[in-house]
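Asks: Sequential numbering of the sequence shown, starting at 0, is according to numbering that gives the first Met the number 0.
Every residue, glycine too, gets a C-beta built ideally from N, C-alpha and C.
Everything numeric in this text was worked out from a predicted model, so none of it was measured.
Once you've had a glance at the structure underneath, I'll fire off some questions.
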Amino acid sequence: MFAIHSENNNLQIYIANFDQILLWAGILFFLATALTGSYLWSFSKNFYYNEVGANKNESLPKKFSILEIQLPFRKTYFEKILQNLSSKTNQIILKSLQADYFFMPFAYGMLLFFLWYFLVKSNNWDLLGIKYLLNRTLNLIWYFPLVAYLLDVFENQFIKKLLIRMEVLKKEKAIGKEEKEEKEAAIKKSIGIFRFRILIVSCLKWLLVFVSTILIVTCLFVQLFF
0 MFAIHSENNN
10 LQIYIANFDQ
20 ILLWAGILFF
30 LATALTGSYL
40 WSFSKNFYYN
50 EVGANKNESL
60 PKKFSILEIQ
70 LPFRKTYFEK
80 ILQNLSSKTN
90 QIILKSLQAD
100 YFFMPFAYGM
110 LLFFLWYFLV
120 KSNNWDLLGI
130 KYLLNRTLNL
140 IWYFPLVAYL
150 LDVFENQFIK
160 KLLIRMEVLK
170 KEKAIGKEEK
180 EEKEAAIKKS
190 IGIFRFRILI
200 VSCLKWLLVF
210 VSTILIVTCL
220 FVQLFF
């Protein structure tokens with residue numbers, strides 16, 4: 000039973016089996032996450048950048064993961080990928096970012112519904128020891144998936160702007176050594192700026208997702224065995 004109280008007019012709203020509604024919503028969103036996630040994953044088979052072979056006139060396709068774009072810890076490798084992306088791969092990544100907007104509501108909604116489920120259930124626990132700690136934690140961080148969702152949107156926007164910027168810079172004609180050096184400097188500057196932004200929002204996003212997931216698994220374990 001879930002109740003909403005209004006002190007001004009003594010209004011009370013009761014929703015029977017509200018915890019079960021949240022649980023089933025979480026399960027449905029989990030299935031939708033798996034479905035949209037498989038579609039999103041299908042783009043990854045085309046993620047290649049061109050690496051110069053032993054013969055400088057030879058170009059070898061090298062596979063990379065979208066996580067290496069989302070979490071660019073290795074600066075030189077990040078630059079290497081972006082500087083050697085073909086226009087075709089660039090467009091595929093942009094399409095995958097668009098597809099991600101279908102995946103995100105279900106993925107973060109799933110986490111949110113499961114956190115709400117355990118928040119409602121924990122209110123009926125004997126709040127002692129770890130159960131008390133979990134209840135207090137749930138009350139404090141139930142909104143983490145919403146913040147992670149927002150950060151993911153920012154992350155996608157930064158990656159999109161960087162890819163478009165790289166495409167424009169690559170198409171610019173540079174005549175002479177000085178212009179080529181200026182173009183190279185502009186490319187590295189753009190990569191450096193966006194790398195920092197992407198890394199910050201992505202690390203925060205994954206931290207919130209990790210904390211939310213660990214809390215859900217811990218609550219499930221406590222509910223089953225304590």
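Give the secondary structure of proline 104 by DSSP, where H, G and I count as helix, E and B as strand, and everything else as coil.
Replies: Helix.
Asks: If we ignore side chains and look at the alpha-carbon of each, how far apart do glycine 175 and isoleucine 92 end up?
Replies: So the two alpha carbons sit approximately 32 Å from each other.
Asks: In the DSSP assignment, find the beta strand (DSSP E) that holds lysine 61 and state where it starts and stops.
Replies: Per DSSP, lysine 61 belongs to the beta strand (DSSP E) from 58-62.
Asks: Quick check: what's the CA-CA separation for aspartate 229 versus tyrosine 131?
Replies: It is not possible to answer for residue 229, since the shown part of the chain is limited to 0 through 225.
Asks: Which of the three DSSP states, helix, strand or coil, is assigned to isoleucine 174?
Replies: In this structure, isoleucine 174 counts as coil in the three-state DSSP scheme.
Asks: Ignore the nearest five residues each way along the sequence and tell me which others in glutamine 156's own chain have a CB closer than 6 Å to its CB.
Replies: The answer is none, since no qualifying residue turns up.
Asks: Would leucine 110 be called buried (16 or more neighbouring beta carbons within 10 Å of its own) or exposed?
Replies: By the neighbour-count rule (16 or more Cβ atoms within 10 Å), leucine 110 is buried.
Asks: Where does methionine 0 fall in DSSP's three states?
Replies: Reliability fails at methionine 0, whose pLDDT of 48 lies under 50, so the model's placement of it is uncertain and no value is given.
Asks: Which residue or residues does DSSP assign as beta-bridge partners of valine 51?
Replies: BP columns for valine 51 point to Ser58.
Asks: Helix, strand or coil for tyrosine 142? Go by DSSP, reduced to three states.
Replies: In the structure shown, tyrosine 142 sits in coil (DSSP, three-state: anything other than H, G, I, E or B).
Asks: For cysteine 218 and phenylalanine 117, which I take to be in contact (beta-carbon distance under 8 Å), what is that distance rounded to the nearest angstrom?
Replies: That pair is a contact at about 4 Å.
Asks: Do you know how far the Cα of threonine 136 is from the Cα of phenylalanine 224?
Replies: Straight-line Cα distance between these residues: approximately 19 Å.
Asks: Tell me the rounded alpha-carbon separation between glutamine 69 and leucine 139.
Replies: Each residue's Cα considered, the two are about 28 Å apart.
Asks: Give the single residue among Asp18, Tyr38, Arg73 whose Cα lies nearest to the Cα of leucine 96.
Replies: Measuring from the Cα of leucine 96, the nearest candidate turns out to be Tyr38.
Asks: Would the beta-carbon of methionine 103 be found less than 7 Å away from any heavy atom of the ligand SAH?
Replies: This structure does not include the ligand SAH; it has no bound ligands of any sort.
Asks: Mapping DSSP to helix, strand and coil, what is arginine 164?
Replies: In the structure shown, arginine 164 sits in a helix (DSSP, three-state: H, G or I).
Asks: Can you round the beta-carbon distance between tyrosine 47 and threonine 88 to whole angstroms, since I take them to be within the 8 Å contact cut?
Replies: Tyrosine 47 to threonine 88, Cβ: 6 Å. Contact.
Asks: If you draw a straight line from the alpha carbon of leucine 81 to that of phenylalanine 102, how long is it in whole angstroms?
Replies: Cα to Cα, the separation comes out at about 24 Å.
Asks: Label asparagine 123 either buried or exposed according to how many other C-beta atoms from any shown protein chain fall within 10 Å of its C-beta, with 16 as the threshold for buried.
Replies: Looking at its Cβ environment, which holds fewer than 16 other Cβ atoms inside 10 Å, asparagine 123 is exposed.
Asks: Please list, in chain order, all residues of the same chain as leucine 212 whose beta carbon is under 8 Å from its beta carbon, the five residues on each side excluded.
Replies: Note that residue 212 corresponds to threonine in the displayed sequence, not to leucine. Correct list, in chain order: Leu110.
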